[in-house]
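Protein sequences appear in the order of chains A, B and C.
Take the first sequence: its letter number 92 is residue 92 in our numbering, and every next letter is one higher.
Take the second sequence: its letter number 136 is residue 1136 in our numbering, and every next letter is one higher.
Take the third sequence: its letter number 40 is residue 2040 in our numbering, and every next letter is one higher.
First the structure, in the form of structure tokens, and then the observations on it.
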Amino acid sequence: MEYEVVIGLEIHLELQTQSKLFCSCSTSFGKEPNTNCCPVCLGLPGSLPVFNRKAIELAVTAALALNSSVQLNSRFDRKNYHYPDLPKAYQVSQYEKPIALGGCLELEIDDQVKKVNLERVHLEEEAGKLIHSGDSIIGSDYSKVDYNRAGIPLLEIVTKPDLCSGHEARLFLEELRMLLLYSGASDCKMEEGSLRCDANISLRPMGSKQLGTKAEVKNMNSFKAVEMALNYEAERQRQILISGGSVIQQTCHWDEEEKVTVPLRSKEGSSDYRYFPEPDLLPLLLEEKEVNIIKSVLPESPMDRRLRFQKEYGLAKSEASLFTSNRPLGEYFEIVALKYKDYSNLARWIQGDYLYQLREAGKSESALEPDKLVELLNLLDNGDINRPVAKELLAEMVRSGESPSRLVNEKGLKQISGHDMLLPLVEKVINENPDAVNNYLGGKEKALKFLIGQVMALSGGRADPGEVKKMLISKIAE
Amino acid sequence: MELYQKTVFELSRLMNSREVSSVEVTQSFLDRIKEVEPHVRAFITHTPSMALETASLVDKKRLNGDNLHPLAGVPLAIKDNISTGGLRTTCASKILENYIPPYDATVFKLIKQVGMPLLGKTNMDEFAMGSSTENSAFFTTRNPWDLEKVPGGSSGGSAVAVSTGMAPLALGSDTGGSIRQPASFCGLYGLRPTYGRVSRYGLIAFASSLDQIGPFAMNPADCALLLELLAGHDPLDSTSYPGKVPGYVSSMEERLDGMKVGVIKHSNEKGFDPEIKDAVTKIANLLEKEGFAIDQVEMPRTDYGLGAYYLIAPSEASSNLGRYDGVRYGFNGGGDNIENMFSRTRGEGFGPEVKRRIMIGTYALSAGYYDAYYLKAMKVRTLIRQDYETAFKKFDILIGPTTPTPAFKIGEKADDPLEMYLSDICNITDALAGVPSLSVPAGMHSNNMPFGLQFTAPPFCEGRLFNVANYIYRNRDPLLPERPPASFRKGGTE
Amino acid sequence: MAIDFRKDVEHVAKLARLELTKTEKETMAGQLSDILDTARRIQELDTEGIEPTSHVIDFPATMREDEVGASLPLNRVLQNAPKRDNDFFRVPRIAKSGNDGQ
């Protein structure tokens, strides 16, 4: 029997605020343990939460970016469970009335647009961090707790089971990450844990409407890991089903070393989180006006930008994609494009030599003043310098920030062109290389290239090779 | 008359005119504590040197001519569930026996700001769960009117401290009667303010949607003065009321002619002491003579208050008390893995009543029971609120007994939690509705125990309560003792 | 019908992370049955169409601006810690020891 894979994702994102969701402790990453803590985020007896306005704004921003419907009346609930990284033994989260419902994200998969629907978007608080004495939670005699992370605002995005492979899940996450980076809601750093993903995955006979028994996969620490883990798990389930077995509902960890999913010991009894409305926080009431203001300043989405770059600048899809995924580079392109209208030439230069030189010099995307790049390209277009010189100059400009005209003058790099300037050089080379001339006349094209090279060398690389070629041909013919 | 016997206003006047210093005033209370405390045991922690230090600082400021708050230099006692930075705050629980909060409750901050010397932290039922102070993990506080009786609870220590003159003022907390019930049993004024009137920041939570901090005092004016200090919006408590705090003291003497008083008719008054019922009639008559309009008011759904309360409060408590797990603070029961460490810590650290309530609450919130218990209780809470809204459309103020009986004997109800819960029967619905309510001493029972009546007003109308209480205070029987007898007796006439 | 809490004591105690002695369990089962019987009387009231009250407050929640304030000094954070490992809180092993499958 043929099976199809059904995947739904739960994504957790840390929102990019300065202070925590319910207290004014800093959210900065990598601080000494337990130094970003106060009575509120440590859950000390008697402390109380107070909303961070910015966290709510960012949650709304993210929800709008995801086309999710923002709820003007949402509520916080307590999710009760005991775990050492959870200071109050409950997580303040949104259960019954989340801040946004529904929504979708469009992906391009093999030139097809796929719409992935969302279940909900809700706001909650982050837990602290456990550090195990041994290599893993299982082999450790004891663990240590750092509460710096506890209370950072966290956005949970739950998709519908609309994805059907590890590859799709990965593409979805990449698109989601870009979208939320664009919206400014989160820095989405998977390596710092500010973006995390769990997945529910099940198989069902092709064409069936009913969902199969699912497994929850956790501990996937990169997009690549998500793809590998889900493909592995799908195959594992397929083997079970093919051999006539049935899948057990369970939670697994992705083992990055062994590249396998490892089932966790099933919890004793099912978890019972005893949700109830958080009495320390009043319902979150938003005004339509506030939401509209956030909507009006919502940045362009990556998808819109890709399309716009193709339409407005006539760029190829691959170029538009690069300028979208590398957002600062795209922004740089747009600034230069205000003053330089040969967009495809500009795109070639920026994604080619410019990007290469930036990487060589270890500089950021906007390292070179836009005007200087315009100047350089104009010098080239006007025939004042030739292409190899332009490339050389760009490297120099990125390193030093010098203006191209100044470099041209200082180094005498101006292109030697025109009959009168080039004629003595051409004549000299013909006179000094009779063998090559004869070879050329004998039909050897290579000999002509040699002669051009000799003229270029004499000019110090400044001659226009095209013009030299023409002159050599006509001179030899005389 | 000793200093400790004077009203707060009198002490304030004497200090302001420099007839006495705050150090002298504070010393007078400290001496009184030495004398009385061994009999009644109201304090968990004594802070005499801290108190004297604050007092002498206030005295210096006064000599400098600094502008001081009327309460500057007036000492007080604080219930041991209010966080006092750097000073042990136990909630009368083994689980917090050695807990030192690293921060101040907002009310304590306010008290320190005006320079009120802290005499000590008072005994209570563990985590404020109880009505007799017998649930303290450390010892039982005794009723100063009869040492064999309970002082009420959970704020029993604070009530006893003020009624015996060990402190002129004290802070308690009221979740379902924990200020008013002991105020009634010990013969003094105890106010539960409107929910949101006083910041809860730093008050160790029992049931967050019900908890309120409030004052104990020997007269309405002192009570009003302390509330004026405590009340107001706190940016650290988003459930605290952002509105202005009225001048409770300055408006206390205003005439309330024509105000309508509703006498609460409880549909089930079986357990109510007839002398207490008589006192309600007597006070109503007095008010009628003063120009108030009196009528009976029925609150049809309030009978269900007890049921709703004993689902809502334990549910919230089961969640609020989850954090005592031996990781960050408090008692740690040991264990070789996290699960048995959690269970041992909590099993050994909490007393029986706390465990009972955690069990009820956990059950009421658990899958399959939530709708029938917790959700139903919250709907009943809505109906009870509606009863109050209806009553306050017709009446300006409500009156009824604070407690169905005067104080009971130590041990009498200790083995029957349900009986114990019934002693708060008159206090619970106000708490569920979030309205303010003041217990006023209303006379002496023939068994020589005091008891109180309770006035209830619409939200944020505490001023009205002080005004009415003032009528009663001015018309009190001069022959009745205000304070328990100097020689503490054991066993009175029944 | 009276509630028999006995069958639930074990499960609820586990959820609440309360280690109870045998005697405690027995006493509690009886007491909790009584309390819940009383509490259950609220079922008599018709609450059809009634919104539950989770807050008695009618004013909107106040919010704070996203500004970083002072955290507690580390020694204050750790001063009440029952078990420490340098600047961390220390907890015993999280996975159960022994061979319990997997």
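For every residue, glycine included, the Cβ atom is placed at its ideal position computed from N, Cα and C.
Since the structure is predicted, the reported quantities are computational estimates derived from the model, not experimental observations.
Item                                                                                                                                                                                             : Value
Going by Cα to Cα distance, which pick from His-2011/C, Phe-2005/C, Ala-2016/C and Ala-2039/C is closest to Thr-2027/C?                                                                          : Phe-2005/C
I'd like to know if Gly-153/A contacts chain B, where contact means its C-beta is closer than 9 Å to some C-beta of that chain.                                                                  : Sequence inspection shows Pro at residue 153/A; the Gly mentioned does not correspond to that position. Not closer than 9 Å to any Cβ of chain B, the Cβ of Pro-153/A fails to qualify, so no.
Are the C-beta atoms of Thr-1362/B and some chain A residue less than 9 Å apart?                                                                                                                 : yes
Rounded to whole angstroms, what's the CA-CA distance from His-2055/C to Leu-48/A? Just pull it up for me.                                                                                       : 15 Å
Measure the Cβ-Cβ separation of Gly-1452/B and Ala-1224/B and say whether it is below 9 Å.                                                                                                       : no
In the DSSP assignment, what are the bridge partners of Trp-254/A?                                                                                                                               : Thr-261/A
On the DSSP letters alone, give me the boundaries of the alpha helix (DSSP H) that Pro-1220/B sits inside.                                                                                       : 1220–1230
Answer with buried or exposed for Glu-268/A, where buried requires no fewer than 16 other C-beta atoms within 10 angstroms of its C-beta.                                                        : Per-residue confidence for Glu-268/A stands at a pLDDT of 44, beneath the threshold of 50, marking its modelled position as unreliable; no derived number is given.
Taking all protein chains shown into account, do 16 or more other C-beta atoms lie within 10 angstroms of the C-beta of Phe-947/B, making it buried, or fewer, making it exposed?                : The question about residue 947/B has no answer here: the residues shown for chain B are numbered 1001 through 1494.
Contact check, Asp-1416/B vs Ser-1131/B under 8 Å by CB: the rounded distance?                                                                                                                   : The pair is not a contact, with the Cβ atoms about 12 Å apart (cut-off 8 Å).
Starting from the Cα of Lys-317/A, find the closest Cα among Asp-272/A, Tyr-340/A, Ala-447/A and Arg-348/A and give me that residue.                                                             : Arg-348/A
Going by the beta-carbon positions, is the gap between Gly-1187/B and Pro-1484/B smaller than 9 Å?                                                                                               : yes
Could you tell me the distance, in whole angstroms, from the CA atom of Glu-369/A to the CA atom of Glu-312/A?                                                                                   : 23 Å
I need the DSSP call for Tyr-1310/B, collapsed to helix, strand or coil.                                                                                                                         : helix
Given a limit of 8 Å on CB to CB distance, which residues of the region 1376–1398 of chain B reach chain C?                                                                                      : Lys-1376, Ala-1377, Met-1378, Lys-1379, Val-1380, Arg-1381, Thr-1382, Leu-1383 and Arg-1385
With a cut-off of 9 Å, does the C-beta of Gly-1172/B fall near any C-beta of chain C?                                                                                                            : no
Decide if the region 2059–2069 of chain C is in contact with the region 1236–1247 of chain B; the criterion is three or more beta carbon pairs, one per stretch, under 8 Å apart.                : yes
Look up Thr-1045/B in the DSSP assignment and give the residues it is bridged to.                                                                                                                : Lys-1121/B
Under 8 Å by Cβ, that's how I've got Ala-547/A and Ile-99/A pegged, so tell me the actual separation to the nearest angstrom.                                                                    : Summary: the structure shown does not reach residue 547/A, with chain A confined to residues 1 through 478, and so no result is reported for it.
Compare the Cα-Cα distances from Glu-1206/B to each of Glu-14/A, Asp-280/A, Ser-474/A and Ile-294/A and report the closest residue.                                                              : In the sequence as presented, Glu is not what sits at residue 1206/B; that position holds Phe. Of the candidates Glu-14/A, Asp-280/A, Ser-474/A and Ile-294/A, the one whose C-alpha sits nearest the C-alpha of Phe-1206/B is Asp-280/A.
Flag this pair as yes or no: are the beta carbons of Thr-261/A and Asn-148/A separated by less than 9 Å?                                                                                         : no
From the beta carbon of Phe-2089/C, is the nearest beta carbon of chain A less than 9 Å away?                                                                                                    : yes
Which value, in whole angstroms, describes the spacing of the CA atoms of Glu-1348/B and Pro-1038/B?                                                                                             : 28 Å
Do we get a CB-CB distance below 9 Å when we pair Arg-2076/C with the residues of chain B?                                                                                                       : yes
State the DSSP-derived secondary structure class of Ala-1442/B, mapped to helix, strand or coil.                                                                                                 : strand
If I'm right that Leu-1438/B touches Gln-1454/B with Cβ under 8 Å, what's the distance once you round it to whole angstroms?                                                                     : 7 Å
Since Phe-51/A meets chain C, which of its residues come closer than 9 Å, beta carbon to beta carbon?                                                                                            : Ala-2061, Thr-2062, Met-2063 and Arg-2064
Should Asp-198/A and Leu-15/A be called a contact, given that it needs their Cβ atoms to be closer than 9 Å?                                                                                     : no
Would you mind sorting Asp-371/A into buried or exposed? The rule is 16 or more other CB atoms within 10 Å of its CB.                                                                            : exposed
If we cut at 9 Å on Cβ distances, does Asn-73/A have a partner in chain C?                                                                                                                       : no
Please go through the same chain and pick out, in chain order, the residues whose beta-carbon is closer than 7 Å to the beta-carbon of Asp-381/A, but skip the five residues on each side of it. : none
Can you name, in chain order, every residue of its own chain whose Cβ lies under 6 Å from the Cβ of Leu-2032/C, other than the five neighbours on each side?                                     : Phe-2005
When you compare only the Cα positions, how much space is there between Phe-333/A and Glu-2065/C?                                                                                                : 36 Å
Quick check: Leu-1422/B and Leu-1287/B, are their CB atoms within less than 9 Å of each other?                                                                                                   : no
Taking the C-alpha atoms as reference points, what is the distance between Leu-373/A and Val-336/A?                                                                                              : 8 Å
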